[in-house]
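*Asks:*
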Amino acid sequence: MKIEDISRILIIKPSSLGDVIHTLPLLKALRDQFPQAYIAWLISPEFKDIIEENPYLDQIFVFHKEKWGNPYRLPLTMKEFFSLIRQIRRQRFQLVIDVQGLLRSGIVAYLSRAPYRLGFENAREFSPIFYNKKIPVPNTEVHAVDRYLSLLPGKRDELLKPEFYLPVSEPVRDSIWHMLQQNQVDLNKELFLLNPGAKWSTKRWPAKSYARLAEAIHAQFGGHIILIGGKEDQPLAEEIASCVRINLAVLTAKTSLKQLAALMQMSTLLITNDSGPMHLANAVGTPIVAIFGPTNPKRTGPYQGNYIVVQRELPCAPCYLRKCPAGQECLQELGVDQVMSAVQQLMRRIRCGA
């Protein structure tokens, strides 16, 4: 079978939030290249919300990867795993693209029995042994979106702008509207979102700095300051709320991903660490002030649109360390005035229509 004759495609990208969003342009590019193909996506349940109702997708397989961490339920987990494999095999996929690039995803690709199994030649955990078409890794400075697009079989049309299609329904918009009203948020005023969380502790700008920034934004621009994030970010939100002398709306752990996307579309801008919500905001077109420490914004920063990256220039950056032996100077010493300056610059762009 020739690549151009492929009619059934499976994308394997279970997680994480930012990586799933970075894969959306690959989905659109596949649909453009194979307009009549049946396209499915294997994803973790917590991120399923992002790809539901996507018109470029025909089917979603849910993979509960967290169950693999419990040895006491291994027999049940294996039963569920092979049930999933049987479901995948029934679809007779001809092309499987393993974007995840880990052992489990590689095994799924292999067991699918697809004639074409694509993945990066330097993927982790020995997953490349399960591919029969290994893709050379682009330059390390390339953005994750372009890296994933290099997995597109055949030649990519460089003139086509990568598209992050993330539909948000009217019922979801109505639900976030109601939530804001319940939190005494005046929807006629500008909304400023703060996302103090991040998966790695080394990516987090200090909570006390976010508190001072919230007060500075409110003093200059008014509007409403809203804290967002997941359950794991609740202690940060509580710390920030307890430090400020202004009223904050705390929506941390109260929204679904689609509700968060709707909230972002309604907001003036987002101030955030390098995190999944940063990529979600970028996908829906919300202006962003992105605070970076140990990671490289050229690889995982906002991809497009109206944004400013704030990052200290240090000889050790980017280090990609989850534990910093040097006191995390990149973020601990990043001043509120530096971030506020970026907010002011971005607000000038927004108000001037730039």
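Every letter in the sequence shown is one number past the one before it in the working numbering, and letter 162, counting from 1, is 162.
We treat Cβ as the ideally placed atom computed from N, Cα and C, and that holds for glycine.
In this text the structure is predicted, and so the values were computed from the model without any measurement.
Checking the sheet assignment: what are the DSSP bridge partners for residue 116?
*Replies:* Beta-bridge pairing links residue 116 to 95.
*Asks:* To the nearest angstrom, how far is it from the Cα of residue 165 to the Cα of residue 86?
*Replies:* C-alpha separation (whole angstroms): 30 Å.
*Asks:* Identify every residue that forms a DSSP beta bridge with residue 249.
*Replies:* Answer is 226.
*Asks:* Determine the DSSP secondary structure at residue 110, reduced to helix, strand or coil.
*Replies:* Residue 110 falls in the helix class under three-state DSSP.
*Asks:* Contact between the region 283-291 and the region 122-132: three or more CB pairs below 8 Å?
*Replies:* Too few Cβ pairs lie closer than 8 Å, so no.
*Asks:* Use the C-beta contact count for residue 307: other C-beta atoms within 10 angstroms, 16 or more gives buried, fewer gives exposed.
*Replies:* Its Cβ being crowded by 16 or more others within 10 Å, residue 307 is buried.
*Asks:* Do three or more CB pairs link the region 200-214 to the region 292-311 at distances below 8 Å?
*Replies:* Cβ pair count under 8 Å is three or more, so yes.
*Asks:* Quick test of your reading: residue 121 and residue 299, contact by CB under 8 Å. State the CB separation rounded to the nearest angstrom.
*Replies:* The Cβ separation is near 18 Å, so there is no contact.
*Asks:* Can you give me the C-alpha to C-alpha distance between residue 211 and residue 107, rounded to a whole angstrom?
*Replies:* Approximately 46 Å between the Cα atoms of the pair.
*Asks:* Look up residue 312 in the DSSP assignment and say whether it is helix, strand or coil.
*Replies:* If DSSP states are grouped into helix, strand and coil, residue 312 belongs with coil.
*Asks:* For the 8 Å Cβ check, are there 3 or more pairs between the region 278-286 and the region 183-190?
*Replies:* Contact fails: fewer than three Cβ-Cβ distances are below 8 Å.
*Asks:* Terminal residues of the continuous alpha helix (DSSP H) containing residue 6?
*Replies:* No alpha helix (DSSP H) contains residue 6, which DSSP labels as neither H nor E.
*Asks:* For the region 296-341, which segments carrying the alpha helix (DSSP H) assignment without a break, of at least 4 residues, lie completely within its bounds, in sequence order?
*Replies:* For the region 296-341, whole alpha helix (DSSP H) runs of length 4 or above, ordered along the chain, are 297-300, 329-332.
*Asks:* Answer yes or no: the CB of residue 262 versus the heavy atoms of the ligand HEM, is any distance below 7 Å?
*Replies:* This structure lacks the ligand HEM; in fact it carries no ligand of any kind.
*Asks:* For residue 310, which option in 168, 110, 6, 331 has the closest C-alpha, if you only look at C-alpha atoms?
*Replies:* Comparing Cα-Cα distances from residue 310 to each of 168, 110, 6, 331, the minimum goes to 331.
*Asks:* What's the C-alpha gap between residue 214 and residue 233?
*Replies:* Rounded to whole angstroms, residue 214 to residue 233 spans 17 Å at the Cα level.
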